[in-house]
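All remarks here apply to the structure that follows.
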Amino acid sequence: MVTYYDKEIAGIVRELEKINAKFFKGVENMMGIEDVEVAPTPKEEIMARDRMKLYHYLPVTDVRTRTPLLITYALVNRQYMMDLQSDRSLIQKLVKEGVETYIIDWGYARPMDKYLTMEDYIDGYMNDCVEILKKRHNVEKVNMMGVCQGGTFSVIYAALYPEKVKNLVVMVAPIDFHTNDGLLNIWARSMDPDKMVDTLGNIPGDFMNLGFLMLKPFQLIFDKYVGFMESMDQKPVVENFVRMEKWIFDSPDQAGETFRKFIKDLYQENKLIKGEFELGGRKVNLKNIKMPVLNIYAEQDHLVPPVCSIALMDYIGSEDKHMLSFPVGHIGMYVSGKSQKTLGPSIAKFLKERDY
Amino acid sequence: MEFPENMFSLWMELPGKLAEQWSKLYKNFSPENLTFGFFKKQDENKSMPFGNLSLYEEWMKMSGETLKKIMDMAPSGGLGPEVFGKVFDGLKSYFALYEFWSQFVKIMAPLRGRTPTTEEWKTVYEKLSQEYRVVLDTVIGRKPPESLEEIMKLQGKMIGQGIEFLSWFKSPWTLLSKQLPNVATKIATGDISAVREGFSLWHTAVTDTIGKLLHIPSLGYSREYEEKQKELTEAYVKFATILPAFYSEFYQAGLKAFDKILEKTKDIPFENNPESFKKFYSIWLQTNEDTFYDLFKREEFTKLMNEVLKKGLDFKKKLDQNISKFLESLSIPNREEMDDVYKTIYEMKKEIRQISKDLQEIKEKINR
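Chains as they are written, first to last, in this note's numbering: chain Z, -18 to 337; chain D, 24 to 391.
This is the structure in structure tokens:
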């Protein structure tokens, strides 16, 4: 006789069998992955200095912008997030729109790089890249796009060298650091960067990652993987997931001296918007930024809360300034379907309309 | 990618092994074998007893064993296996939560549709909080006891050096052993502030014993070496002592979240099916995320976190100094010496870059 128990257990076992089938298919999918391809858009190396490299994306259109665009990414994580895979690539969108696109790859800081300062990055590497682009394209000015910490760097650069920047695009960049909306902003205020740098030299990428994971611990350490289990039997989904995981944990160490200044002068003392920030003995005056500016932020950003980015508009001297936002998080800005459709074309339109 | 030579045959054997394990599982859970746990066979006219924990446990065990076989076959390392490790860890926690939920449904069933008395609720709460500890241990980890163990080991070493007869050394630990059971009872009855109390008592015991020992002055030929060792040990003790306090904040937040989850879910008539569990899971996830966010925003937490960081860095610094001291006798450069070289290279590069720029400018001027 078939009892209630038999039916109930049979149901549970069938459910488990289904999970198992999915699970083992997923295991099979994952075990075969030694590595995944990232940054698929074809590019050429233009310059290499120390750890830094400058790349030019090979054009695919006959009609292209006259002014080249230099993209500066953060020192945290790697720049290939902007070109993660063919169907999720801001870079590819820009290139297809005819934007002459260059990107700085900061590389991986080694122990000997702990002395690199913000001056070295901004006055040194970034300025060298701008000079190369000016010569290559025979122009007086270049377009700049700064992302996250690279956005802060680009804003500082544009304020120090306004004569070299035609248009400025800033993406999810912290400008006003004194907010209680973000945990990073709160934590950084009582950090002791001197002790950290004096003891560790460079700040390990793993340490930074731990901090990022703690921002949403249950979602990022737990739920993300549980959710993935649902679709791990589908190979393309597995590859996309692994690709994203590769990027998340591909975190270079932070050059010690740069970290020290970034935390002390910006996160702790908020000197940039106060007009007190100095670089190489010069005061950085945001009012010097008079070129057209497009400020892009993510409405659900938990790393750089929107208020930190929006503040830029109040401190610059530009009249031609615009804001663009997307209902996504910090990372969603580069990979979510919502932003993928409009982000690239919007940036290209902004640059093309001002490419005279 | 290198595969083991016998991989193909291993792979071929796998379906057979899986079938064998499944048949064992079916056998264990056939009605005639349902004689253990809350799966115990009851009156068939009554409703199904809640929970199928043992079945899931068996399944997890079986899947784990099979998985191990697959992992043994697969090439070691690589991005896929690395990510899979994280997925598997996530699943462990997921199943721990599932196990709790099974118990939750079972324990709450008699209360469904009526308001429990205070006494009844107290009993249920105690049972559930006991069960929830497994979830907390899996999700948050068992850091405090591990650190405690480290301290105990250190204490053991000290005792081995013939100091254990000192009554002042023993007494704080004796006192602690008397106080801890009271704290444990408080925690068990839902007083989550007792977690912090427990660690504070323990911290006092460490400071009053190991802390004092480390300040005994060294003498003789090896004085400098011994002092460096003591400084290192002291830095470690300070770090290992504050670390559990830090983790106790997590534990406490976990318990706080548990109270909120209970409040939110106690009146929901959950059934023992996947949809019901998913609903519970989403409440659990969001409540935890919100509770931890509140914790992380607190000024005291930020201060404690930075204190942990400082103590960790102090220990690292002492460790580096000691290693450098050891390396002095070897013919290899230590970190300090390498730093000197790095700095010189850095400054030279900067200078060369500036000279090159100046030279370029001069050339351009001449060519104009």
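Built from N, CA and C at the ideal position, the CB exists for glycine as well.
From a predicted model like this one, the values you see are computed outputs, not experimental measurements.
| message | Can you tell me whether Met172(Z) is helix, strand or coil according to DSSP? | response | The count along the first sequence starts at 1 and reaches residue 172(Z) at position 191. If DSSP states are grouped into helix, strand and coil, Met172(Z) belongs with coil.
| message | With a threshold of 8 Å between beta carbons, is Ser116(D) in contact with chain Z? | response | Numbered from its first residue, the second sequence carries residue 116(D) at position 93. Yes, Ser116(D) counts as interfacial toward chain Z.
| Range covered by the alpha helix (DSSP H) that runs through Phe262(D) | Within the second sequence, residue 262(D) is the residue found at index 239, counting from 1. Start and end: Arg246 to Thr288.
| message | Could you give the first and the last residue of the continuous alpha helix (DSSP H) run that contains His118(Z)? | response | On the first sequence, position 137 is the one that residue 118(Z) refers to. Asn108 to His118 is the span of the alpha helix (DSSP H), which, as asked, contains His118(Z).
| field | Whether Val157(D) touches Glu122(D) by CB criterion (8 Å) | value | As a first step, residue 157(D) must be located in the second sequence, where it is residue number 134. As a first step, residue 122(D) must be located in the second sequence, where it is residue number 99. Going by C-beta atoms, Val157(D) is nearer than 8 Å to Glu122(D).
| said: Quick check: is the beta carbon of Tyr206(Z) nearer than 8 Å to any beta carbon in chain D? | reply: Working through the first sequence from its first residue, we reach residue 206(Z) at position 225. Yes, contact with chain D.
| field | CB contact flag (Leu51(Z), Tyr83(Z), <8 Å) | value | In the first sequence, residue 51(Z) corresponds to position 70, counting from 1. In the first sequence, residue 83(Z) corresponds to position 102, counting from 1. Yes. Within cutoff.
| Listing by chain order, which chain D residues have their CB less than 7 Å from the CB of Pro286(Z)? | Stepping through the first sequence from its first residue, residue 286(Z) is reached at position 305. The premise fails here: Pro286(Z) is roughly 13 Å from chain D at the closest Cβ pair, so nothing lies under 7 Å.
| query | Can you check whether the CB of Leu267(Z) is closer than 8 Å to the CB of Tyr296(Z)? | reply | Position 315 of the first sequence, counted from the start, is the residue given in the question as residue 296(Z). Position 286 of the first sequence, counted from the start, is the residue given in the question as residue 267(Z). The answer is yes: Cβ separation under 8 Å.
| request: Return yes when the Cβ of Gly88(Z) is within less than 8 Å of the Cβ of Met33(Z), no when it is not. | output: Translated into the one-based positions of the first sequence, residue 33(Z) becomes position 52. Translated into the one-based positions of the first sequence, residue 88(Z) becomes position 107. Yes.
| query | What residues from the region 299 to 324 of chain D come within 7 Å of chain Z, judged by C-beta to C-beta, listed N to C? | reply | Leu308, Asn311, Glu312, Phe315, Phe319 and Lys320
| Among Leu35(Z), Asp68(Z), Tyr138(Z) and Arg(-5)(Z), which one has its Cα closest to the Cα of Arg263(Z)? | In the first sequence, the residue the question calls residue 263(Z) occupies position 282. Nearest of Leu35(Z), Asp68(Z), Tyr138(Z) and Arg(-5)(Z) to Arg263(Z), Cα basis: Tyr138(Z).
| For Glu334(Z), which residues from the same chain have a beta carbon less than 7 Å from its beta carbon, with the 5 sequence-adjacent residues on both sides left out? | Locating residue 334(Z) in the first sequence gives position 353, where the first residue counts as 1. Taken in chain order, the list of residues that qualify is empty.
| By a C-beta neighbour count over all protein chains shown, 10 Å radius and 16 as the cutoff for buried, is Ala2(Z) buried or exposed? | For the purposes of this step, residue 2(Z) is taken as residue 21 along the first sequence, with counting starting at 1. The residue in question, Ala2(Z), is exposed, as its Cβ has fewer than 16 Cβ neighbours within 10 Å.
| field | For Val285(Z), the three-state DSSP class (helix, strand or coil) | value | As a working mapping, residue 285(Z) is identified with position 304 in the first sequence. Reduced to three states, the DSSP call for Val285(Z) is coil.
| query | Measuring CB to CB, does Leu253(Z) end up less than 8 Å from Ile156(Z)? | reply | Within the first sequence, numbered from 1, the residue matching residue 253(Z) stands at position 272. Within the first sequence, numbered from 1, the residue matching residue 156(Z) stands at position 175. The answer is yes: Cβ separation under 8 Å.
| Of the choices Ile14(Z), Lys74(Z) and Arg69(Z), whose alpha-carbon is the least far from that of Val41(Z)? | Walking along the first sequence from the start, residue 41(Z) turns up at place 60. Closest option to Val41(Z), Cα to Cα, is Lys74(Z).
| query | So which residues on chain Z does Asn329(D) lean against when the C-beta distance must stay under 9 Å? | reply | Start at 1 with the first residue of the second sequence, and residue 329(D) comes out as number 306. Ordered by position in chain Z, the residues that pass the 9 Å Cβ test against Asn329(D) are Trp168, Ser171, Met172 and Asp173.
| query | Closest Cβ-Cβ distance between Pro104(D) and chain Z: below 8 Å? | reply | The count along the second sequence starts at 1 and reaches residue 104(D) at position 81. Yes, Pro104(D) lies at the interface with chain Z (some Cβ there is under 8 Å from its Cβ).
| task | Say whether chain Z places a C-beta atom closer than 8 Å to the C-beta of Phe431(D). | result | Lying outside 24 to 391, the shown extent of chain D, residue 431(D) is not represented and no answer is given.
| query | Under a CB-based cut-off of 8 Å, is Tyr365(D) close to chain Z? | reply | The residue you call residue 365(D) lines up with position 342 of the second sequence. Chain Z contact via Cβ: present.
| task | Locate the beta strand (DSSP E) running through Ile52(Z), then write down its first and last residues. | result | Taking the first sequence and counting its residues from 1, the one referred to as residue 52(Z) is at position 71. Ile52(Z) -> beta strand (DSSP E) spans Leu50 to Thr53.
| request: Identify which residue in Ile14(Z), Pro217(Z) and Ser327(Z) has its Cα closest to the Cα of Met152(Z). | output: Translated into the one-based positions of the first sequence, residue 152(Z) becomes position 171. Of Ile14(Z), Pro217(Z) and Ser327(Z), the residue nearest in Cα terms is Ser327(Z).
| What residue does the alpha helix (DSSP H) around Lys129(D) start on, and which one ends it? | Counted from its first residue, the second sequence places residue 129(D) at position 106. Unbroken alpha helix (DSSP H) run through Lys129(D): Leu102 to Met131.
| field | Alpha-carbon spacing of Leu141(Z) relative to Gly79(Z), whole angstroms | value | Start at 1 with the first residue of the first sequence, and residue 141(Z) comes out as number 160. Start at 1 with the first residue of the first sequence, and residue 79(Z) comes out as number 98. When rounded, the distance between both Cα atoms is 28 Å.
| query | Does the beta-carbon of Glu384(D) have 16 or more other beta-carbons within 10 angstroms, so that it is buried, or is it exposed? | reply | Numbered from its first residue, the second sequence carries residue 384(D) at position 361. Result: exposed.
| Of all Cβ atoms in chain Z, is any one closer than 8 Å to the Cβ of Val157(D)? | Here residue 157(D) is taken as the residue at index 134 of the second sequence, counted from 1. No, Val157(D) lies away from the interface with chain Z (no Cβ there is under 8 Å from its Cβ).
| query | Once you ignore the five residues that flank Arg432(D) on each side, which residues in its own chain have a CB closer than 8 Å to its CB? | reply | What the structure shows of chain D is the stretch from 24 to 391, and residue 432(D) is not part of that stretch, so it cannot be assessed.
| field | DSSP three-state assignment for Thr82(Z), whether helix, strand or coil | value | One-based indexing of the first sequence puts residue 82(Z) at position 101. DSSP places Thr82(Z) within a strand segment (E or B) once states are collapsed to three.
| Hey, how far is the Cα of Gln309(D) from the Cα of Val288(Z)? | Position 286 of the second sequence, counted from the start, is the residue given in the question as residue 309(D). Position 307 of the first sequence, counted from the start, is the residue given in the question as residue 288(Z). In a straight line, the C-alpha of Gln309(D) is about 24 Å away from that of Val288(Z).
| message | With H, G and I counted as helix, E and B as strand and the rest as coil, what does DSSP make of Ser299(Z)? | response | For this step, residue 299(Z) is matched to residue 318 along the first sequence. Taken through DSSP and simplified to helix, strand or coil, Ser299(Z) comes out as coil.
| query | Can you name the residues of chain D whose CB is closer than 7 Å to the CB of Thr180(Z)? | reply | Numbered from 1 along the first sequence, position 199 holds the residue referred to as residue 180(Z). Per Cβ cutoff of 7 Å: Leu336, Lys339 and Lys340.
| field | Three or more C-beta pairs below 8 Å linking the region 168 to 187 of chain Z and the region 224 to 238 of chain Z | value | yes
| Leu51(Z) versus chain D: which residues are under 7 Å apart at the beta carbon? | The residue you call residue 51(Z) lines up with position 70 of the first sequence. The contacting residues do not exist; Leu51(Z) stays about 19 Å from chain D at best.
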